[in-house]
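**Student:**
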Amino acid sequence: MTKSSLSRNADELRQRTAAAFARLGLVPGSSLEALLTVVATVTGRRIEIDPVGGREWETVTGLVVLSEGEARVLIRKPDPRWYQFHSVLHELSHLVLEHTGCASLPSGRRTGVTPRPGQTLLARSSGQADFETDIDFSDPESVREAEAEKLSQAIAEVMLGPKHPEDEAVLG
Numbered sequence: 175m176t177k178s179s180l181s182r183n184a185d186e187l188r189q190r191t192a193a194a195f196a197r198l199g200l201v202p203g204s205s206l207e208a209l210l211t212v213v214a215t216v217t218g219r220r221i222e223i224d225p226v227g228g229r230e231w232e233t234v235t236g237l238v239v240l241s242e243g244e245a246r247v248l249i250r251k252p253d254p255r256w257y258q259f260h261s262v263l264h265e266l267s268h269l270v271l272e273h274t275g276c277a278s279l280p281s282g283r284r285t286g287v288t289p290r291p292g293q294t295l296l297a298r299s300s301g302q303a304d305f306e307t308d309i310d311f312s313d314p315e316s317v318r319e320a321e322a323e324k325l326s327q328a329i330a331e332v333m334l335g336p337k338h339p340e341d342e343a344v345l346g
């Protein structure tokens, strides 16, 4: 994974995430399986998703452990399926955007995941700022989180949206 540049303002954030979304080539109604295949191809990594965690994961909603050729997405097991889905999309967005690390994992927070040499952790904590209005573009961590959140929302919209919008428009 190469180190990527981060957005410097809201316009760049929109452009950068739109370009990343276009690279994925998703079509309306794409399945999670299809998304995982595309992300694996785009990133050159095998992708695994594992629901894990318990009480020690109170503020960590998702985590990616990056190793050579592999990305293991860990999500909170007790979360509702729709929230797990969102966490997976957010973490996959970090991969597509080539984010190289994450400092949002609270200091000293135990998740039961200890990186080994050669691994990188990317984590999503609860209480994220509104990426459109509250982002501090001088803070790289805020920008990474905002980019991943924006891309994950675009992915969710195409995956969960109508497959035939022109036909469904008649329903209002």
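Residue numbering for the sequence shown follows the numbering used here, beginning at 175 and increasing consecutively.
Glycine is no exception: its CB is placed at the ideal position from the N, C-alpha and C atoms.
Owing to the predicted nature of the structure, the values given are computational and were not obtained by experimental measurement.
So threonine 274 is in the beta strand (DSSP E); what residue range does that whole segment cover?
**Tutor:** Unbroken run through threonine 274: none, as it is neither H nor E.
**Student:** Measure the alpha-carbon distance for arginine 197 versus tyrosine 257 and round it to whole angstroms.
**Tutor:** Looking at the two C-alpha atoms, the distance is approximately 25 Å.
**Student:** What did DSSP end up calling arginine 182 once you bin it into helix, strand or coil?
**Tutor:** Three-state result, arginine 182: coil.
**Student:** Thinking C-alpha only, which one of Glu186, Leu269 and Glu323 is nearest arginine 220?
**Tutor:** With distances taken between Cα atoms, arginine 220 lies closest to Leu269.
**Student:** Considering only the alpha carbon of each residue, which of Thr211, Leu271, Asp224 and Ala320 lies closest to arginine 255?
**Tutor:** Cα-wise, what sits closest to arginine 255 is Asp224.
**Student:** If we call anything under 7 Å between Cβ atoms a contact, is glutamate 321 one with leucine 240?
**Tutor:** No, they are not a contact pair.
**Student:** Output the distance between the C-alpha atoms of aspartate 313 and valine 247, rounded to the nearest integer angstrom.
**Tutor:** Going by the C-alpha atoms only, they are around 24 Å apart.
**Student:** Excluding the 5 residues flanking arginine 283 on each side, which residues of the same chain have their C-beta closer than 6 Å to its C-beta?
**Tutor:** Model confidence at arginine 283 stands at a pLDDT of 43, short of 50, so the residue's coordinates are unreliable and nothing is read from them.
**Student:** Excluding the 5 residues flanking glutamate 244 on each side, which residues of the same chain have their C-beta closer than 6 Å to its C-beta?
**Tutor:** These residues qualify, in order along the chain: Arg219 and Arg220.
**Student:** What are the boundary residues of the alpha helix (DSSP H) that arginine 318 is part of?
**Tutor:** Run containing arginine 318: 314-334, per the alpha helix (DSSP H) assignment.
**Student:** Determine the direct distance from the alpha carbon of serine 261 to that of serine 299, and round the result to whole angstroms.
**Tutor:** A caution first: serine 299 carries a pLDDT of 47, below 50, which makes its placement in the model too unreliable to give a value.
**Student:** Taking its Cβ as the centre, do 16 or more other Cβ atoms sit within 10 Å of arginine 182, making it buried, or is it exposed?
**Tutor:** Result: exposed.
**Student:** Please return the same chain residues whose Cβ sits closer than 8 Å to the Cβ of leucine 206, not counting the five positions on each side in sequence.
**Tutor:** Within the same chain, leucine 206 has close Cβ partners Phe259, Val262 and Met333.
**Student:** Hey, quick one: how far does the alpha helix (DSSP H) through valine 213 stretch, first residue to last?
**Tutor:** Where valine 213 is concerned, the enclosing alpha helix (DSSP H) stretches over 206-217.
**Student:** Closer than 7 Å, CB to CB, is serine 316 near chain B or not?
**Tutor:** Looking for chain B here will not work: only one protein chain is present.
**Student:** Whose C-alpha, out of Ser204, Glu323 and Ile309, is nearest the C-alpha of alanine 184?
**Tutor:** That would be Ile309, whose Cα lies nearest to the Cα of alanine 184.
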